[in-house]
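Comments concern the structure below.
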Amino acid sequence: MRVESIELFWIKIPLVGQFTTSFGTTMEREILLVKLNADGASGWGESGADGLPMYSYETARTGWHIIEDFLAPVVLDEEWPDKGLATSYAKKFSSWRWHPMARCAVEEALWVLDAQRQGVSLQSLYANGRSIRGRIPVGISLGIEDDFEVLAEKITAGIEQGYQRIKLKIE
């Protein structure tokens, strides 16, 4: 199977509210999305990199460069197996250093593309025949708040929404 095309999308998403960390305050998130197309199916992936190099040296813009100039040519040139796209991709790029968020965005898109082509859920593809029980616990990250009462309300709301882990930003 060949990946026919790779499309990159640069979007900005406004946050529900301000998010403050020791690095500063933000009201939006810059996101790099990757879309892979093959055999009438599409797989989407998202880079976890931020717009500015504060959390990591890798940014959404450097991710665009790495995908467009280095990963995409290899992915488009490769003959991929009909099943196990993401595993083959991980092996192919296992010796590559740096830019894990860009590599992960493409790998995520391959997982989704593989699931679409096989007509199975992403969960069942991840499980690889194993039984999956229960749910995966998820958490929420809360920014720095000047007012403790506001922070307490956000923590309570997170717990009421079912989050099992609450991460607090501090200065």
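Under our numbering, the sequence shown is numbered contiguously, ending at residue 211.
Think of the CB as a built atom: it goes at the ideal place given N, C-alpha and C, for glycine as much as any other residue.
Quick caveat: nothing in here was measured; it's all calculated off a predicted structure.
- Straight through space, the alpha carbons of Val190 and Gln58 are spaced by roughly 13 Å.
- DSSP, read as helix, strand or coil, puts Ala78 in strand.
- Here DSSP, grouped into helix, strand and coil, assigns Ile53 to strand.
- The beta carbon of Ala130 lies closer than 8 Å to those of Glu147 in the same chain, with the five residues before and after it left out.
- Within the stretch 70-151, the runs of beta strand (DSSP E) that reach at least 3 residues and sit entirely inside it are, in chain order, 81-86.
- Between the stretch 90-102 and the stretch 166-183 there are fewer than three C-beta pairs closer than 8 Å, too few to call the two in contact.
- Apart from the 5 residues on each side of it in sequence, Ser128 sits with its Cβ closer than 7 Å to the Cβ of Trp120 and Pro121 in its chain, given in chain order.
- Counting only the Cα atoms, Thr66 lies some 8 Å from Leu55.
- For Ser181, the uninterrupted beta strand (DSSP E) run begins and ends at Gly179 to Leu182, by DSSP.
- Contact between Val74 and Ile46 holds: their C-beta atoms lie close to 7 Å from each other, under 8 Å.
- Taking every protein chain shown into account, the CB of Ser87 has 16 or more other CB atoms within 10 angstroms, so this residue is buried.
- Counting only residues of its own chain and dropping the five nearest sequence neighbours on each side, Ala89 has a CB closer than 6 Å to the CB of Glu98, Thr99, Ala100, Gly103 and Met141.
- In terms of CA proximity to Glu200, Gly179 leads the group Asp186, Asp109, Gly179 and Pro113.
- Excluding the 5 residues flanking it on each side, Ile106 has same chain C-beta neighbours closer than 7 Å at His139 and Ala142, in chain order.
- For Ile176, no beta strand (DSSP E) run applies, since DSSP gives it neither H nor E.
- Membership of Ile199 in the alpha helix (DSSP H) is indicated by the continuous run Phe188 to Glu200.
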